[in-house]
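What follows is a set of notes on a single structure, which appears directly below.
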Amino acid sequence: LYVIHLSNNGNSLIQVFFKVGTDPDQAAVNVQNRVTTVLDELPEEVIKAGVSAEKEVNSMLLYLNVFSEDPKVNEEFIYNFADINILQELKRIDGVGLVDIMGARDYAMRVWLKPDRMLANNISTAEVVDMLRQQNIEAAPGVAGENSGKDKQSNQYVLKYTGKFNTPEEYANVVLRADADGSILRLKDIADTEFGTFSYDMTSKTDGRPSASIMIKQRPGSNAQEVIDNIKAKMEELEKTTFSPGMKYNYAYDVSRFLDASIHEVLKTLVEAFLLVFVVVFIFLQDFRSTLIPALAVPVALIGTLAFMLAMDFSINLLTLFALVLAIGIVVDNAIVVVEAVHVKMSEEHLPPMEATIAAMKEITGA
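Numbering (the working numbering), first residue to last: 685 to 1051.
Structure follows, in structure tokens:
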């Protein structure tokens, strides 16, 4: 149908919108095939970072906040707790399309370069990155003394490498350069290293407390109310089994609130229509049997409308709920008009019920 492209700070987002009724699985396959055809044309850095394609409904389903009442708990801990223990559980729920934590507070080793020290030591950022990649690796050095098939070896040693660095001190001691005079330039000479987060661009707070804000979208074709109920049930389970002491959650945005309010109004309209029709018609006509006809029109209108919605494969949403209320009102009003017209024919022209009904319908059919 149309495409939207957004780029910012090294990230690119392409949204492809399809016509209503398009098979989402087939659409996802088509998009993935198009992406595959252009992967070779992308820069190497982009390919390493990865290109992903996801199916989702553009509108948001839930906005969930996870926070702690313990003042010692910071935003970084809550973010990573939610990323490890909550996100994966929510992604497994049937009908969930996208689950993402706002911001990027993943634990990361921060290297804050000092431009003045770099200039004094004549070293560039690219050289620093290259040395970090060379030394911060996960590798298997091999075996010393392995049997070659020619000479027998009495001893064999498996070499082990320390692996990737885990502490700021290990990063600080990375050797960047060894000069001819025997001096060694280390990372700590030109930068500060600390254990922090991937990004500090966004801060999330709930009622003044640090929090992790989780955005949830549904998968195309799924039932929003059912997905929300499953998410809430899973969050209640996680709160009992996984949450640390003092950790809580709430819903900042819940699309089902509007749907629940609409359903409540429909039910209230249904009850009000039934009672008002029964009372008003009985007062004016003074006939209990005649009063039953408009009253029975309410469930008839309800059943007929729902049957039509089922046949047309319509779902319950704000538009169909409005149509339901409208159908009840139209059918009940018409039933009242017919009953009153029949009563007029019976009282003024003294016709029997059958003839009075036929005569009344001939008069009001074109109205």
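Every residue, glycine too, gets a C-beta built ideally from N, C-alpha and C.
Since this is a predicted model, take the numbers as computed values, not measurements.
Enumerate in chain order the residues of its own chain whose CB-to-CB distance from residue i is below 6 Å, with the five nearest sequence positions on each side excluded.
{"i": "K872", "result": "A856"}
{"i": "F942", "result": "none"}
{"i": "I1043", "result": "Rather than Ile, the amino acid found at residue 1043 in this sequence is Ala. The answer, listed in chain order, is K1029."}
{"i": "M815", "result": "L860"}
{"i": "L697", "result": "L690"}
Identify which residue in the options has its Cα closest to the Cα of residue i.
{"i": "A979", "options": "A991, V1022, L1005 and D938", "result": "V1022"}
{"i": "S974", "options": "L869, N806 and V963", "result": "V963"}
{"i": "L986", "options": "V1016, W796 and E1024", "result": "V1016"}
{"i": "E753", "options": "E1032, F927, H948 and F998", "result": "F927"}
{"i": "G787", "options": "T881, L990 and E949", "result": "T881"}
{"i": "I647", "options": "T989, Q819, R801 and E1047", "result": "Because the chain spans 685 through 1051 in this model, residue 647 falls outside it and cannot be assessed."}
{"i": "V1009", "options": "S946, D800, A824 and A1040", "result": "S946"}
{"i": "N769", "options": "A917, K703 and E923", "result": "E923"}
{"i": "G705", "options": "K1046, M996 and S867", "result": "M996"}
{"i": "Q716", "options": "T953, V783, A737 and H689", "result": "A737"}
{"i": "V950", "options": "R718, V842, I967 and T1004", "result": "T1004"}
{"i": "Q818", "options": "V783, L803, V859 and K834", "result": "V859"}
{"i": "L723", "options": "G734, N714 and N1018", "result": "G734"}
{"i": "T925", "options": "E773, D971 and P1036", "result": "E773"}
{"i": "L748", "options": "E1039, E920 and F992", "result": "E920"}
{"i": "L869", "options": "G694, L803 and N764", "result": "L803"}
{"i": "R794", "options": "E854, D767, G866 and L697", "result": "E854"}
{"i": "A824", "options": "T809, A711, V812 and L843", "result": "L843"}
{"i": "K798", "options": "T846, F1006, I874 and N820", "result": "I874"}
Could you give the C-beta distance for residue i and residue j, rounded to a whole number, given that I count them as a contact under 8 Å?
{"i": "I1020", "j": "V955", "result": "The Cβ separation is near 17 Å, so there is no contact."}
{"i": "E1052", "j": "G779", "result": "Absent from the structure is residue 1052, since the part of the chain shown begins at 685 and ends at 1051."}
{"i": "F879", "j": "P904", "result": "With a Cβ gap of about 40 Å, F879 and P904 do not count as contacting."}
{"i": "R861", "j": "I807", "result": "7 Å"}
{"i": "D876", "j": "W796", "result": "5 Å"}
{"i": "T890", "j": "F751", "result": "5 Å"}
{"i": "I785", "j": "S897", "result": "7 Å"}
{"i": "K918", "j": "I777", "result": "6 Å"}
{"i": "T953", "j": "I1000", "result": "So it is not a contact: roughly 15 Å between Cβ atoms."}
{"i": "V700", "j": "V687", "result": "5 Å"}
{"i": "L690", "j": "F702", "result": "Actually they do not touch by this definition, with Cβ atoms about 18 Å apart."}
Could you tell me which residues DSSP puts in a beta bridge with residue i?
{"i": "T692", "result": "At residue 692 the sequence reads Asn, which differs from the Thr that was named. According to DSSP, N692 bridges with N695."}
{"i": "V1016", "result": "According to DSSP, V1016 bridges with nothing at all."}
{"i": "R794", "result": "E878"}
{"i": "V783", "result": "I900"}
{"i": "V687", "result": "V700"}
{"i": "G826", "result": "L843"}
{"i": "D895", "result": "It should be pointed out that residue 895 corresponds to Ser in this sequence rather than to Asp. Paired residues: F751."}
{"i": "T890", "result": "R893"}
Could you pull out every residue in the same chain whose Cβ sits closer than 8 Å to the Cβ of residue i, ignoring the five residues on either side in sequence?
{"i": "F958", "result": "A979 and V982"}
{"i": "L969", "result": "T975, V1023, E1024 and H1027"}
{"i": "M744", "result": "M899, I900, K901, Y937 and V939"}
{"i": "Q840", "result": "V827, A828, G829, E830 and N831"}
{"i": "I1048", "result": "V1021, V1022 and A1025"}
{"i": "E760", "result": "R789, Y791, G880 and T881"}
{"i": "I912", "result": "L745, L746, D938, V939 and S940"}
{"i": "G781", "result": "E738, K739, E740, V741, K901, Q902, R903, P904 and S906"}
{"i": "I762", "result": "V750, F751, S752, P894, S895, A896 and M931"}
Using a beta-carbon distance below 8 Å, is residue i in contact with chain D?
{"i": "K844", "result": "No chain D is part of this structure, which consists of one protein chain only."}
Tell me which same chain residues have a C-beta within less than 7 Å of the C-beta of residue i, skipping the five on either side of it?
{"i": "G847", "result": "E822"}
*Would you mind listing the alpha helix (DSSP H) stretches within the stretch 720 to 763 that are 4+ residues and don't spill past its ends, in chain order?*
728 to 733
*Could you tell me which uninterrupted alpha helix (DSSP H) segments, each at least 4 residues in length, are contained entirely in the stretch 836 to 880, listed from first to last along the chain?*
852 to 856
*asked:* Extract the residue ranges of the beta strand (DSSP E) inside the stretch 922 to 963, only unbroken runs of 3 or more that lie entirely within it.
replied: 931 to 938
*Run through the stretch 966 to 995 for me and flag every whole alpha helix (DSSP H) of 4 or more residues, listed as ranges in chain order.*
972 to 995
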